[in-house]
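A.B. asks: Shown below is the structure under consideration.
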Amino acid sequence: MAKSTSRQLEARGKNRSFTYEHRSQLGAGAVLVAVLVLFIIGSPQTFLSSKIYFAFMSTLPFSAIMALALTLVVISGEMDLSFPAIMGFCGFVFTMVFHASQSFIIALLVSLLVGLGAGALNGFLIVGLGLPSLVTTIGTQFFWAGLTQVLSGGLGKTLVPAKGSFLFNLLVGRVGGKFPMQTLWAVIIGVLIWFVLNRHRLGAHIYFVGDNPHSARVMGVNVERVKLIVFTQMGLFSAFAGILASLEVLYFWPTLGQGYLLKTIAAVFLGGTPVEGGIGTVFGTFIGAVVIGMLEAGIIAMGMTGFWTQLIYGLIIVVSIALHSAIRRRE
Numbered sequence: 371m372a373k374s375t376s377r378q379l380e381a382r383g384k385n386r387s388f389t390y391e392h393r394s395q396l397g398a399g400a401v402l403v404a405v406l407v408l409f410i411i412g413s414p415q416t417f418l419s420s421k422i423y424f425a426f427m428s429t430l431p432f433s434a435i436m437a438l439a440l441t442l443v444v445i446s447g448e449m450d451l452s453f454p455a456i457m458g459f460c461g462f463v464f465t466m467v468f469h470a471s472q473s474f475i476i477a478l479l480v481s482l483l484v485g486l487g488a489g490a491l492n493g494f495l496i497v498g499l500g501l502p503s504l505v506t507t508i509g510t511q512f513f514w515a516g517l518t519q520v521l522s523g524g525l526g527k528t529l530v531p532a533k534g535s536f537l538f539n540l541l542v543g544r545v546g547g548k549f550p551m552q553t554l555w556a557v558i559i560g561v562l563i564w565f566v567l568n569r570h571r572l573g574a575h576i577y578f579v580g581d582n583p584h585s586a587r588v589m590g591v592n593v594e595r596v597k598l599i600v601f602t603q604m605g606l607f608s609a610f611a612g613i614l615a616s617l618e619v620l621y622f623w624p625t626l627g628q629g630y631l632l633k634t635i636a637a638v639f640l641g642g643t644p645v646e647g648g649i650g651t652v653f654g655t656f657i658g659a660v661v662i663g664m665l666e667a668g669i670i671a672m673g674m675t676g677f678w679t680q681l682i683y684g685l686i687i688v689v690s691i692a693l694h695s696a697i698r699r700r701e
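The numbering of the sequence shown is our numbering, which starts it at 371 and goes up by one.
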């Protein structure tokens, strides 16, 4: 009976609304092409040069990694708003442990474990105590951001001593002197999350929980464990993004993480993952992260002020949600 139920769940996960997912991916791809064409026309000297794309590859992966992880959370029918603060706090932990131990590997492991713990704390509060995820993660967002400011005293710290080490080159080095390693890490994480969602039982369970948690529970899915896992991995990948971002600039800033909330959420929604949960794709989110990541540079390159950036982020979120909702209603 258990095996039969498991097969049913996996079949449901694999046979969910492919039409919607394909259309949402095509929609996100169309937005990417349109944005690129617009920027090339508006600033050909910038967007016909390879330099701008290598620059994008050095900065886009941080929000892309968190957007990919957030996709799992949203598909499960929940929301996490604390990831920028976890990103900043884990960047602080990495920097402090690195200076205290003079060991890159120890600092990396401790920071990732702290990220796991922060994500698991969110999961415990939401699953164990039955608190709403939106309100809970607003609270933990303030908590981790405040703790970072208190412990750091509002002061940054250099990471120049980490430069040149094997792990530094492995995480944020340049392949051939140009290609940033963080882009490769974002792709690897994207493939891993795609595999979980599309080729692993956990992925089917995540979709099923997001679609209807009550039915999932009746069918034998451990809903609480699934939600705990998605929040825990969110903390882990937020920590990893914080480490990469700090190493890229060779400095920890106490404001690390600020500014990532809106564009990360925008990337998820633009990629076709609805806030209601139950549907979503990794590829769509990845395209969404690329589009959102290019906007600010493109807007400035076209001669507009940076003040337009947030306005356009907001428009993209509203329009993408409206379009994807229309597609779902039509189906």
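Where a beta carbon is used, it is the ideal one built from N, C-alpha and C, also for glycine.
(1) Please report how far the alpha carbon of V611 lies from the alpha carbon of L408, in whole angstroms.
(2) So what's V645 in DSSP terms, helix, strand or just coil?
(3) Which one or two residues does DSSP pair with L545 in a beta bridge?
(4) Are the beta-carbon atoms belonging to G534 and F656 less than 8 Å from one another?
(5) Whole angstroms is fine: what's the gap from I428's alpha carbon to I662's?
(6) L478: which of R571, G580, F607, L499 sits nearest, CA to CA?
(7) Looking only at its chain, what residues have a beta carbon closer than 6 Å to the beta carbon of V401, apart from the 5 residues adjacent to it on each side?
(8) With a 10 Å radius around its C-beta and 16 neighbouring C-beta atoms as the bar for buried, classify V545 as buried or exposed.
(9) Roughly how many whole angstroms lie between the Cα atoms of V480 and A437?
(10) Going by DSSP, what residue range makes up the alpha helix (DSSP H) through M457?
(11) Let me make sure I understand the geometry here. Which of P550, G590, F417, M551 has the alpha-carbon closest to that of R571?
(12) Could you say which of M664, I697, T675 lies nearest to A404 if we only look at CA atoms?
(13) Given a cut-off of 8 Å on the beta-carbon distance, is the pair F453 and I613 in contact?
(14) Apply the 10 Å Cβ neighbour rule to S522 and answer buried if 16 or more other Cβ atoms are within range, or exposed otherwise.
(15) Can you grab the Cα-Cα spacing for the pair I422 / E391, in whole Å?
(16) Looking at C-alpha atoms only, which residue of H469, T507, F417 is the closest neighbour of F622?
(17) In whole angstroms, what separates the C-alpha of I435 from that of R699?
(18) Count the other C-beta atoms from every protein chain shown that fall within 10 angstroms of the C-beta of G684, then say buried if there are 16 or more, exposed otherwise.
C.D. replies: The relevant details are as follows:
(1) Against the sequence shown, residue 611 aligns to sequence position 241. Against the sequence shown, residue 408 aligns to sequence position 38. Per the sequence shown, residue 611 should be read as Ala rather than Val. Those two C-alpha atoms are separated by around 30 Å.
(2) Translated into positions along the sequence shown, residue 645 becomes position 275. Coil.
(3) Here the question's residue 545 lines up with position 175 in the sequence shown. Looking at the sequence provided, one finds Val at residue 545 rather than Leu. Its beta-bridge partners are F549.
(4) Stepping through the sequence shown from its first residue, residue 534 is reached at position 164. Stepping through the sequence shown from its first residue, residue 656 is reached at position 286. In this structure, F656 does not lie closer than 8 Å to G534 by Cβ.
(5) As a first step, residue 428 must be located in the sequence shown, where it is residue number 58. As a first step, residue 662 must be located in the sequence shown, where it is residue number 292. The amino acid at residue 428 is misidentified as Ile; the sequence shows Ser. Answer to the nearest angstrom: the Cα atoms are 14 Å apart.
(6) Here residue 478 refers to the residue found at position 108 when the sequence shown is read from its first residue. It is F607.
(7) Here residue 401 corresponds to residue number 31 of the sequence shown, with the count starting at 1. The answer, listed in chain order, is V661.
(8) On the sequence shown, position 175 is the one that residue 545 refers to. Per the 10 Å Cβ criterion, exposed.
(9) As a first step, residue 480 must be located in the sequence shown, where it is residue number 110. As a first step, residue 437 must be located in the sequence shown, where it is residue number 67. Rounded to the nearest angstrom, the two C-alpha atoms are 23 Å apart.
(10) Walking along the sequence shown from the start, residue 457 turns up at place 87. Its alpha helix (DSSP H) spans residues 453-471.
(11) Position 201 of the sequence shown, counted from the start, is the residue given in the question as residue 571. Nearest C-alpha to R571 among P550, G590, F417, M551: G590.
(12) Here residue 404 is taken as the residue at index 34 of the sequence shown, counted from 1. When only C-alpha atoms are compared, the closest one is M664.
(13) In the sequence shown, the residue the question calls residue 453 occupies position 83. In the sequence shown, the residue the question calls residue 613 occupies position 243. Cβ atoms of F453 and I613: not closer than 8 Å.
(14) Taking the first residue of the sequence shown as position 1, residue 522 is located at position 152. By the neighbour-count rule (16 or more Cβ atoms within 10 Å), S522 is buried.
(15) Residue 422 sits at position 52 when you count from the first residue of the sequence shown. Residue 391 sits at position 21 when you count from the first residue of the sequence shown. Rounded to the nearest angstrom, the two C-alpha atoms are 30 Å apart.
(16) Stepping through the sequence shown from its first residue, residue 622 is reached at position 252. With distances taken between Cα atoms, F622 lies closest to H469.
(17) In the sequence shown, counting from the first residue as 1, residue 435 sits at position 65. In the sequence shown, counting from the first residue as 1, residue 699 sits at position 329. Cα to Cα, I435 sits roughly 30 Å from R699.
(18) What you label residue 684 is simply residue 314 of the sequence shown in a count that begins at 1. Burial call: exposed.
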